[in-house]
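Written out below as structure tokens is the structure these notes cover.
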Amino acid sequence: YKEAKGIWERLTKDLGVYPSVVTYNVMISGLCKCGRSSEGLELWDRMRKNERKMDLFTYTALIHGLCEIGDIDGAERVYKEIVESKVSPDAVVYNAMLNGFFRVRRIKDCFELWELMGREGSRSVCSFNIMMRGLFDNGKVDEVISIWELMKESGYVEDSITYGILVHGFCKNGYLNKSLHVLEIAERKGGVLDAFAYSAMINGLCKEAKLDKAVSVLNGMIKNGCKPNAHVYNALINGLVGASKFEDAIRVLREMGTTHFSPTVVTYSTLINGLCKGERFSEAYDLVKEMLDKGLNPSVITYSLLIKGLCLDRKVEKALQLWNQVISKGFKPDVQMHNIMIHGLCSVGKMQLALSLYFNMNRWDCAPNLVTHNTLMEGFYKDGNVRNALVIWARILRNGLQPDIISYNITLKGLCSCNRISGAILFLHDA
583 YKEAKGIWER LTKDLGVYPS VVTYNVMISG LCKCGRSSEG LELWDRMRKN ERKMDLFTYT
643 ALIHGLCEIG DIDGAERVYK EIVESKVSPD AVVYNAMLNG FFRVRRIKDC FELWELMGRE
703 GSRSVCSFNI MMRGLFDNGK VDEVISIWEL MKESGYVEDS ITYGILVHGF CKNGYLNKSL
763 HVLEIAERKG GVLDAFAYSA MINGLCKEAK LDKAVSVLNG MIKNGCKPNA HVYNALINGL
823 VGASKFEDAI RVLREMGTTH FSPTVVTYST LINGLCKGER FSEAYDLVKE MLDKGLNPSV
883 ITYSLLIKGL CLDRKVEKAL QLWNQVISKG FKPDVQMHNI MIHGLCSVGK MQLALSLYFN
943 MNRWDCAPNL VTHNTLMEGF YKDGNVRNAL VIWARILRNG LQPDIISYNI TLKGLCSCNR
1003 ISGAILFLHD A
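Using my numbering, the letters of the sequence shown correspond one by one to residues 583 to 1013.
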């Protein structure tokens, strides 16, 4: 971009060259493709001031670019110039405007333009696709069905994009049976659906717990020569996990390893999170290790869920091993993850390790919060270590944290459990 702009400035300033329409078109088109449509609009204004006659290419590039960045007002200004200059807009211009109106949810303008396109015979398969996608995005399913019927009545033949839009749109809006009907039509006519459409179909079936049908759709997809990608497998695994069919989900994960699409972070995370919720922590732990061995990094949510699960399952040593493995990979745990690990260590009386973790939090630029301090206080009281518990209380105040009702309850209950009744009464009086 910088080089092109530099050449443009040298042409127009240093060399005193008067740019032609073609030169303007190249520059405007380039600016729009670089996401600098507002600069393209400024150049267009300059072109008008210089009384350069614009062609359809100029208008099309600018309208398309402005619609892409959501500047529909700018696009309309250019469109009106087309009409006033007696240049006939083509389907590309109309489609760009149609897309732009949908992007800013000006549905009434979409229909008005659609009717104009019909009168001028400027509709194309692409126009129908844009119209149906936009209506689906706005939840207007009945209108989509009408447009689809009009498309067939007008002699237009659906392409793979049309079928993909219909399958995905019906699924997204909760019309699963209609989506299946479109899928059957597409396969019967030999239409090639893309992985995105199949992914939407499988996802919709899984949400309605129709897992056998989802597997059937996957098999049909493969049979029709469409290779499932990670999104398709992820949708199926997510559905199987949601139905607690963990063995089937793991089998699909292993199948992915035999295809060109290896399991992604999303694949593993979906399965690991499900296993944790199903309290199958050992299997989840093995999958996290597998992820790390493959160089994939789970999210902080996945780590936190697993570490919390292992701690609840009294497998604190395993949780600590995972913690150390995570740290060795350069992962920086957040305060919530620290709190989970500290709570786990406190729950089995490993107070020195919990305290060490607490003091190391600054190393990760991670400030302990009130939950951290409350957890440590409770752990020390359960361990009978009143002195350290009171030190943590002092650190709460020194760090500018405001003790809550939980903090006070932990302290009162802890002092009483350690036979410090007089201390508890004094504390209550000072509170």
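Using N, Cα and C, we set each Cβ at its ideal position, and we do this for glycine too.
**OP:** Determine contact between the region 831-850 and the region 867-886, defined as no fewer than three beta-carbon pairs at a distance below 8 Å.
**Re:** Enough Cβ pairs lie closer than 8 Å, so yes.
**OP:** Determine, using beta carbons only, whether residue 654 comes closer than 8 Å to chain C.
**Re:** Going by chain labels, chain C is absent from the structure shown, which holds only one protein chain.
Original post:
What number of angstroms, rounded off, separates the C-alpha of residue 597 from the C-alpha of residue 642?
Top reply: For residue 597, the pLDDT reaches just 49, beneath the cut-off of 50, and the residue's location in the model is therefore unreliable, leaving the point undetermined.
**OP:** Report yes if the CB atom of residue 1000 is closer than 8 Å to the CB atom of residue 940, and no otherwise.
**Re:** The Cβ atoms of residue 1000 and residue 940 lie no closer than 8 Å to each other.
**OP:** Counting only the same chain and skipping the five closest in sequence on each side, list residues whose C-beta sits under 7 Å from that of residue 783.
**Re:** Closer than 7 Å at the Cβ level, and outside the excluded window around residue 783, lie 749, 753, 761, 765 and 799.
Original post:
Where in the region 797-884 do unbroken runs of the alpha helix (DSSP H), each at least 4 residues long, occur, reported from the N-terminal end onward?
Top reply: If we require 4 residues or more, the alpha helix (DSSP H) runs fully inside the region 797-884 come out as 812-824, 828-838, 847-859 and 863-875.
Original post:
Whose C-alpha, out of 882, 1003, 776 and 970, is nearest the C-alpha of residue 916?
Top reply: Nearest C-alpha to residue 916: 882.
**OP:** Classify residue 665 as buried or exposed, calling it buried when 16 or more other Cβ atoms lie within 10 Å of its own Cβ.
**Re:** Counting Cβ neighbours within 10 Å, residue 665 comes out exposed, since fewer than 16 surround it.
Original post:
When we look at the beta-carbon of residue 711 and count the other beta-carbons within 10 Å, is it buried (16 or more) or exposed?
Top reply: Residue environment analysis places residue 711 among the buried positions, since at least 16 neighbouring C-beta atoms fall within 10 angstroms of its C-beta.
Original post:
Would DSSP call residue 740 helix, strand or coil?
Top reply: Three-state DSSP puts residue 740 in coil, outside helix and strand.
Original post:
Would you call the CB atoms of residue 718 and residue 746 closer than 8 Å?
Top reply: No. Outside cutoff.
Subject >> In chain order, each alpha helix (DSSP H) run of at least 4 residues that lies wholly inside the region 895-941 >> reply: You should have 898-910, 917-929 and 933-941.
Original post:
Tell me which same chain residues have a C-beta within less than 6 Å of the C-beta of residue 843, skipping the five on either side of it?
Top reply: Closer than 6 Å at the Cβ level, and outside the excluded window around residue 843, lie 811 and 812.
Original post:
For the candidate residues 938, 966 and 974, whose alpha-carbon lies nearest to that of residue 955?
Top reply: Minimum Cα-Cα distance from residue 955 among the listed residues 938, 966 and 974 corresponds to 974.
Subject >> Segment limits, alpha helix (DSSP H) that includes residue 759 >> reply: Segment 758-770, the alpha helix (DSSP H) holding residue 759.
Original post:
For residue 891, does the count of other Cβ atoms within 10 angstroms reach 16, so buried, or fall short, so exposed?
Top reply: So residue 891 ends up on the buried side.
Original post:
Measuring CA to CA, which of 702, 853 and 694 is closest to residue 713?
Top reply: Looking at the Cα atoms, 694 is the closest of the given residues.
**OP:** Measure how close the beta-carbons of residue 957 and residue 925 come, nearest whole angstrom, since I'm counting them as under 8 Å.
**Re:** In this structure residue 957 is in contact with residue 925, their Cβ atoms being roughly 5 Å apart against a cut-off of 8 Å.
**OP:** Report the rounded CA-to-CA distance for residue 739 versus residue 731, giving the unit in angstroms.
**Re:** Rounded to the nearest whole angstrom, the CA to CA distance from residue 739 to residue 731 is 11 Å.
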